[in-house]
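Scroll down for the structure; my scribbles are underneath it.
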Amino acid sequence: HETREGGGTLNTFGQDYVKTRGIWPTLCLLDSDGDGRTNGYELGDPECLYVSNLQPSNPGRMVGITHPGHVDTEIVTCASTPCLNGGTCKDVGAD
């Protein structure tokens, strides 16, 4: 939704969810908000491995999770790992 609290008009991630019928491997690879990171990366599943409630999810990353429907403006790059919102490389598991 356009508001972070939910409700109202769908944001670009919500629109893509509808277009892909929520099929995660497809939705995961999209960059709904156009910020250069896939939806999967923003939600901690960069390899698009999640299967809805059928297996335990083992996200590739559990910190620096961002909203795939809203562009995050504070991005710092540490080597090849984006560090979000002023975080450090250590925050996202890099050395």
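Heads up, this note's numbering is the position in the sequence shown plus 1457, with the first residue counted as 1. The beta carbon of each residue, even a glycine, is placed where N, CA and C say it ideally should be.
In chain order, what residues of the same chain lie with their CB nearer than 8 Å to the CB of G1491, ignoring the 5 residues before and after it? These residues qualify, in order along the chain: T1469 and V1528.
Please check the pair S1489 and D1502, which I expect to be a contact at CB under 8 Å, by giving their CB distance rounded to whole angstroms. Incorrect: roughly 14 Å between the Cβ atoms, too far for contact.
Straight-line CA distance for T1523 to L1486? Across the structure, T1523 and L1486 are spaced so that their CA atoms are roughly 15 Å apart.
Who are the Cβ neighbours of P1525 in its own chain at under 7 Å, not counting the five residues just before and after it? Excluding residues within five positions, the ones whose Cβ falls inside 7 Å are F1470, S1489, D1490, N1496, E1499 and L1500.
Does the Cβ of L1467 have 16 or more other Cβ atoms within 10 Å, making it buried, or fewer, making it exposed? Burial state of L1467 is exposed, judged by a 10 Å Cβ sphere holding fewer than 16 other Cβ atoms.
Should R1478 go down as buried or exposed, given a rule of 16 or more other Cβ atoms within 10 Å for buried? Under this definition R1478 is an exposed residue.
Which residues bound the alpha helix (DSSP H) around N1496? Residues N1496 to E1499.
So the alpha helix (DSSP H) L1486 belongs to, where does it begin and stop? Where L1486 is concerned, the enclosing alpha helix (DSSP H) starts and stops at W1481 to L1486.
Where does V1475 fall in DSSP's three states? In this structure, DSSP gives V1475 a helical state, which the three-state scheme calls helix.
Whole-angstrom distance between Y1507 and L1484, CA atom to CA atom: Approximately 11 Å between the Cα atoms of the pair.
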